[in-house]
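Peer 1: Residue numbers (our numbering): 474 to 764.
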């Protein structure tokens with residue numbers, strides 16, 4: 474509902490730097506292609522699993538994101554970052570009780586981190602718990618009013634609670650802190666659209682209820698893309714294996730260790746190309762950032 478949250482601090486590791494650059498350009502599928510072989514070789518790389526979870530969420534694959542987040546948590550059970558991604562994955566799949574509980578645990582582990590309090594507020598809004606979200610975000614904003622994402626989520630909660638003026642003020646503070654904040658600008662546009670039919674207290678209450686409903690995530694709402702994405706993932710993994718086999722066979726042939734029939738090269742290359750084409754065609758579209 475706000476801007477995409479920042480991941481861990483810059484890792485100064487080429488593969489993670491490349492993944493961050495791809496995520497910033499909206500190329501989540503390429504991040505999965507990049508990191509899948511890496512986490513297979515190095516399953517203890519927590520930072521890579523976090524980025525895999527982010528990419529899966531961008532693709533609308535909540536189950537895949539959950540698997541990545543849990544893989545990270547198993548390596549670092551005391552890390553609030555893994556809990557953050559578990560919570561986001563649970564919200565995306567409609568498991569709101571777990572999303573809220575996990576976010577609250579992360580907040581207790583790192584109480585001074587506004588990003589975690591923002592996640593808790595988002596989880597509560599996704600479950601329709603507007604009052605809880607407003608109360609929690611109000612405290613968080615008082616302690617960390619410098620965080621633009623937090624201000625935007627607080628504004629969304631205030632509008633859903635029927636307080637449009639206060640909601641605008643919160644989002645305006647976000648724009649003061651970060652003039653180019655896309656989430657803040659989008660929130661103001663949504664406020665304008667919701668207020669067009671408001672003429673009295675009754676219509677304001679109805680507009681607030683509709684807005685609150687738009688923030689909710691129903692169980693199973695995003696699972697419709699999971700099957701297609703799982704198929705695309707299988708095709709990408711198959712491409713990686715066949716292309717790796719093509720390179721490996723070529724290396725062995727070049728070193729004179731084995732005699733490789735020419736037909737094998739063509740078979741491996743054509744098969745890898747076929748899997749690559751199918752994987753590209755099967756890739757689901759990215760969801761709207763405010764959906």
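Virtual Cβ for every residue (Gly too), placed ideally from N, Cα, C.
Give me, in chain order, the residues of the same chain whose beta-carbon lies closer than 7 Å to that of residue 578; leave out the 5 immediate sequence neighbours on both sides.
Peer 2: Excluding sequence neighbours, residue 578 sits near 556.
Peer 1: Could you give the C-beta distance for residue 647 and residue 621, rounded to a whole number, given that I count them as a contact under 8 Å?
Peer 2: Indeed they touch by this definition, with Cβ atoms about 4 Å apart.
Peer 1: Alpha carbon to alpha carbon, what distance is there between residue 630 and residue 613?
Peer 2: When rounded, the distance between both Cα atoms is 13 Å.
Peer 1: Given a threshold of 16 other Cβ atoms within 10 Å of its Cβ, counted over all protein chains shown, does residue 554 qualify as buried or as exposed?
Peer 2: The residue is buried, with at least 16 neighbouring Cβ atoms inside 10 Å.
Peer 1: Buried or exposed, going by whether 16 or more other CB atoms sit within 10 Å of the CB of residue 595?
Peer 2: So residue 595 ends up on the buried side.
Peer 1: Does the structure place the region 516 to 533 close enough to the region 735 to 746 that three or more beta carbon pairs sit under 8 Å?
Peer 2: No, the region 735 to 746 does not touch the region 516 to 533.
Peer 1: With residue 524 and residue 492 assumed to form a contact (beta carbons below 8 Å), what rounded beta-carbon distance in angstroms separates them?
Peer 2: At roughly 5 Å, the Cβ-Cβ gap stays under 8 Å, so residue 524 and residue 492 are in contact.
Peer 1: Which value, in whole angstroms, describes the spacing of the CA atoms of residue 499 and residue 508?
Peer 2: Each residue's Cα considered, the two are about 15 Å apart.
Peer 1: Do residue 685 and residue 633 have their CB atoms nearer than 7 Å?
Peer 2: It is a contact, given that the beta carbons lie within the stated cut-off.
Peer 1: Have a look at residue 667 and residue 680 and give me their C-alpha separation to the nearest angstrom.
Peer 2: So the two alpha carbons sit approximately 6 Å from each other.
Peer 1: Using C-beta distances below 7 Å, list every residue in its chain close to residue 512, excluding the 5 sequence neighbours before and after it, in chain order.
Peer 2: Only 518, 521, 522, 525 meet the Cβ criterion.
Peer 1: To the nearest whole angstrom, what separates the beta carbons of residue 625 and residue 656, a pair I think is in contact under 8 Å?
Peer 2: About 5 Å; that satisfies the 8 Å criterion.
Peer 1: Round the Cβ separation of residue 688 and residue 576 to the nearest angstrom and send it over; I've been treating them as touching at under 8 Å.
Peer 2: Not really, about 15 Å apart at Cβ, beyond 8 Å.
Peer 1: Near residue 503, which residues of its chain fall below 7 Å by C-beta distance, leaving aside the five closest residues on each side in sequence?
Peer 2: Same-chain partners within the cutoff: 495.
Peer 1: Just the C-alpha distance for residue 548 and residue 571, rounded to the nearest angstrom, thanks.
Peer 2: Taking the straight line from one Cα to the other gives about 20 Å.
Peer 1: Out of curiosity, what's the CA-to-CA distance linking residue 662 and residue 501?
Peer 2: Each residue's Cα considered, the two are about 26 Å apart.
Peer 1: So which of 650, 710, 654, 635 has the shortest CA-CA distance to residue 673?
Peer 2: Closest option to residue 673, Cα to Cα, is 635.
Peer 1: In or out: residue 486 buried (at least 16 other Cβ within 10 Å) or exposed?
Peer 2: Residue 486 comes out exposed.
Peer 1: In or out: residue 506 buried (at least 16 other Cβ within 10 Å) or exposed?
Peer 2: Under this definition residue 506 is a buried residue.
Peer 1: To the nearest angstrom, how far is it from the Cα of residue 678 to the Cα of residue 639?
Peer 2: Roughly 15 Å between the two C-alpha positions.
Peer 1: Can you tell which of 537, 583, 551 has the C-alpha that lies nearest to the C-alpha of residue 561?
Peer 2: Comparing Cα-Cα distances from residue 561 to each of 537, 583, 551, the minimum goes to 537.
Peer 1: Around the Cβ of residue 603, are there at least 16 other Cβ atoms within 10 angstroms (buried) or fewer (exposed)?
Peer 2: So residue 603 counts as buried.
Peer 1: Determine, using beta carbons only, whether residue 713 and residue 722 come nearer to each other than 7 Å.
Peer 2: Not in contact: residue 713 and residue 722 (Cβ atoms no closer than 7 Å).
Peer 1: Considering residue 622, what are the terminal residues of the alpha helix (DSSP H) in which it resides?
Peer 2: It spans 621 to 633 - the alpha helix (DSSP H) in which residue 622 sits, taken as one unbroken run.
Peer 1: With distances taken between CB atoms, is the gap from residue 605 to residue 597 smaller than 7 Å?
Peer 2: Going by C-beta atoms, residue 605 is nearer than 7 Å to residue 597.
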